[in-house]
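K.L.:
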Amino acid sequence: MPTVEPPALRKPPSGRAASRPPSTAFGTPRDFLGNRFVYAVVSPRARGLSLGVNLNPDKECNFDCIYCEVDRHARCGAAQLNVEVMAEELSRTLGLVESGGLAQMPGFQGLPPDLLKLRQVNLSGDGEPTLCPVFLDVVQAVMHVRARSGLPFFKIVLITNATGLDRPQVAEGIRSLTARDEVWAKLDVGTQAWMERINRPAVLLDKVLANILALARQRPVVIQSMFPLVNGQEPPEQEIREYALRLKELKDAGANIPLVQIYSATRPTPHSECGHLPLRSLARIAQVVRDTSGLRAEVF
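Residue numbering for the sequence shown follows my numbering, beginning at 3 and increasing consecutively.
(1) Quick check on DSSP: helix, strand or coil for Val-290?
(2) Considering just the uninterrupted stretch of the alpha helix (DSSP H) at Arg-94, what are its terminal residues?
(3) I need the DSSP call for Arg-121, collapsed to helix, strand or coil.
(4) With DSSP as the reference, label Ser-52 as helix, strand or coil.
(5) Check whether the Cβ atoms of Pro-46 and Phe-229 lie closer than 7 Å to each other.
(6) Any contact between the segment 255-271 and the segment 213-222? By contact I mean 3 or more CB pairs, one from each, below 8 Å.
(7) Rounded to whole angstroms, what is the Cα-Cα separation between Leu-113 and Gly-103?
(8) Quick check for students: name the residue ranges of the beta strand (DSSP E) that lie wholly in the segment 164-232, counting only runs of 3 or more.
(9) Check whether the segment 185-199 and the segment 156-172 are in contact - that is, three or more C-beta pairs closer than 8 Å.
(10) Compare the C-alpha of Val-140 against each of Ala-89, Ala-48, Tyr-265 and name the closest.
(11) Would you mind giving the Cβ-Cβ distance between Leu-279 and Leu-231, rounded to the nearest angstrom? I have them listed as a contact below 8 Å.
(12) Between which two residues does the alpha helix (DSSP H) containing Tyr-245 stretch?
(13) Less than 7 Å between the beta carbons of Leu-215 and Ala-255, yes or no?
(14) Anyone know if the C-beta pair for Leu-167 and Asn-213 falls short of 7 Å?
(15) Measuring alpha carbon to alpha carbon, tell me which of Arg-202, Tyr-245, Leu-96 ends up nearest Pro-154.
(16) Give the single residue among Lys-119, Lys-61, Ile-68 whose Cα lies nearest to the Cα of Glu-130.
(17) Please name the residue, chosen from Pro-272, Ala-181, Leu-249, that lies closest to Leu-207 on a Cα-to-Cα basis.
(18) In angstroms, rounded to a whole number, what distance separates the CA positions of Leu-252 and Leu-189?
(19) Can you tell me whether Leu-284 is buried or exposed? The criterion is at least 16 other CB atoms within 10 Å of its CB, across all chains shown.
(20) What residue range does the alpha helix (DSSP H) around Val-141 cover?
(21) Decide if Gln-122 is buried, meaning its Cβ has at least 16 other Cβ atoms within 10 Å, or exposed.
(22) If you check the beta carbons only, do Gly-50 and Leu-117 fall under 7 Å apart?
(23) So, is Asn-37 buried or exposed, given that buried needs 16 or more other C-beta atoms within 10 angstroms?
(24) Give me the DSSP bridge partner(s) of Ala-41.
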């Protein structure tokens with residue numbers, strides 16, 4: 003892969019009004035229960051209910067993905083995550099889940115009980131969670147809340163673009179997770195050129211791959227891959243092949259990748275060029291991944 007200089011961190015073009023996510027269990031309303039940092043969503047990738055901890059209320063991110071639904075021009079409600087408030091919100095929301103009260107909440111009414119079983123708590127949010135200056139404190143607080151929740155075990159899942167996995171406090175936070183907790187790392191591309199088109203990053207693809215490899219040699223890492231339509235066009239065939247080859251290279255170098263999640267853009271986004279890739283195309287990409295890398299790939 004050619005090496006290029008990373009561009010400066012970009013902001014979305016001004017003048018576009020972002021569509022709001024739907025106020026349902028399948029959207030991501032950030033005002034759930036009046037919370038500032040904790041929200042609830044039913045996710046196909048979680049196979050049920052997950053609670054999210056928004057580590058980036060300031061919307062800080064070193065990617066500017068064309069499929070991201072976050073409006074980075076809107077005024078932020080909080081400059082930084084407050085760990086004590088977050089822990090209180092998480093405890094209260096877990097109590098609602100345990101009592102069955104969530105089923106009575108708007109957007110969750112009428113859902114099958116199995117979809118309302120808590121599967122995981124995600125460390126994610128409106129930006130890149132590994133950039134959060136109190137990342138380690140968040141991990142420790144969430145683990146403490148879990149330990150005293152009284153609920154059956156639920157896993158903690160870090161959802162990340164992998165750029166900050168080598169930061170000392172992030173590495174320490176990940177080391178403190180149990181073997182049943184998970185890291186889901188983003189990899190949408192196989193070349194730097196396509197990364198510039200889709201993720202519009204402030205870092206190089208080489209760094210993302212190196213960070214994924216380093217962590218996946220220590221513990222399993224699930225790969226999340228988003229494939230949008232771009233101005234009505236599907237990803238180029240050569241790009242799909244290069245993407246699958248990057249996965250193969252990671253596996254051959256010793257990365258433990260139990261699953262590759264293949265999916266497309268479904269939520270409203272301020273970027274008009276982004277669209278949803280048809281299911282048949284996602285299935286074809288997943289098959290290329292299986293044939294090229296031998297890794298397990300699922301379509302969502």
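Glycine included, each C-beta is placed from N, C-alpha and C at the ideal position.
Note that this is a predicted model, so its numbers are computed, not measured.
P.N.:
From the atom records:
(1) Against the sequence shown, residue 290 aligns to sequence position 288. It is helical.
(2) Start at 1 with the first residue of the sequence shown, and residue 94 comes out as number 92. Looking at the DSSP string, the run of the alpha helix (DSSP H) that includes Arg-94 is 85-101.
(3) Against the sequence shown, residue 121 aligns to sequence position 119. The answer is strand: DSSP assigns Arg-121 an E or B state.
(4) For the purposes of this step, residue 52 is identified with residue 50 of the sequence shown, where counting begins at 1. Three-state DSSP puts Ser-52 in a strand.
(5) If you number the sequence shown from 1, residue 46 lands on position 44. If you number the sequence shown from 1, residue 229 lands on position 227. In this structure, the beta-carbon distance from Pro-46 to Phe-229 does not fall below 7 Å.
(6) yes
(7) By one-based count along the sequence shown, residue 113 stands at place 111. By one-based count along the sequence shown, residue 103 stands at place 101. If I take the Cα positions, the gap works out to 13 Å.
(8) 184-188, 223-228, 230-232
(9) yes
(10) By 1-based counting over the sequence shown, the position of residue 140 is 138. Of the listed residues, the one whose Cα sits closest to Val-140 is Ala-89.
(11) Residue numbering aside, residue 279 sits at position 277 when the sequence shown is read from its first letter. Residue numbering aside, residue 231 sits at position 229 when the sequence shown is read from its first letter. With a contact defined as Cβ atoms closer than 8 Å, Leu-279 and Leu-231 qualify at about 5 Å.
(12) Numbered from 1 along the sequence shown, position 243 holds the residue referred to as residue 245. Where Tyr-245 is concerned, the enclosing alpha helix (DSSP H) stretches over 239-254.
(13) To locate residue 215, count along the sequence shown from 1; it is residue 213. To locate residue 255, count along the sequence shown from 1; it is residue 253. In contact: Leu-215 and Ala-255 (Cβ atoms closer than 7 Å).
(14) Taking the sequence shown and counting its residues from 1, one reaches residue 167 at position 165. Taking the sequence shown and counting its residues from 1, one reaches residue 213 at position 211. For Leu-167 and Asn-213, yes; Cβs fall inside 7 Å.
(15) For the purposes of this step, residue 154 is identified with residue 152 of the sequence shown, where counting begins at 1. It is Leu-96 whose Cα lies nearest to the Cα of Pro-154.
(16) For the purposes of this step, residue 130 is taken as residue 128 along the sequence shown, with counting starting at 1. Of the candidates Lys-119, Lys-61, Ile-68, the one whose C-alpha sits nearest the C-alpha of Glu-130 is Lys-61.
(17) Counted from its first residue, the sequence shown places residue 207 at position 205. Closest option to Leu-207, Cα to Cα, is Leu-249.
(18) Counted from its first residue, the sequence shown places residue 252 at position 250. Counted from its first residue, the sequence shown places residue 189 at position 187. Spanning the alpha carbons of Leu-252 and Leu-189 requires a straight line of approximately 11 Å.
(19) In the sequence shown, the residue the question calls residue 284 occupies position 282. Buried.
(20) Taking the sequence shown and counting its residues from 1, the one referred to as residue 141 is at position 139. 137-149 is the extent of the alpha helix (DSSP H) around Val-141.
(21) As a first step, residue 122 is located in the sequence shown; it is residue number 120 there, counting from the start. It counts as buried.
(22) Start at 1 with the first residue of the sequence shown, and residue 50 comes out as number 48. Start at 1 with the first residue of the sequence shown, and residue 117 comes out as number 115. In this structure, Leu-117 lies closer than 7 Å to Gly-50 by Cβ.
(23) Here residue 37 refers to the residue found at position 35 when the sequence shown is read from its first residue. Buried, because 16 or more other Cβ atoms sit within 10 Å of the Cβ of Asn-37.
(24) The count along the sequence shown starts at 1 and reaches residue 41 at position 39. Reading off the sequence, residue 41 comes out as Tyr, not Ala. Answer is Gly-54.
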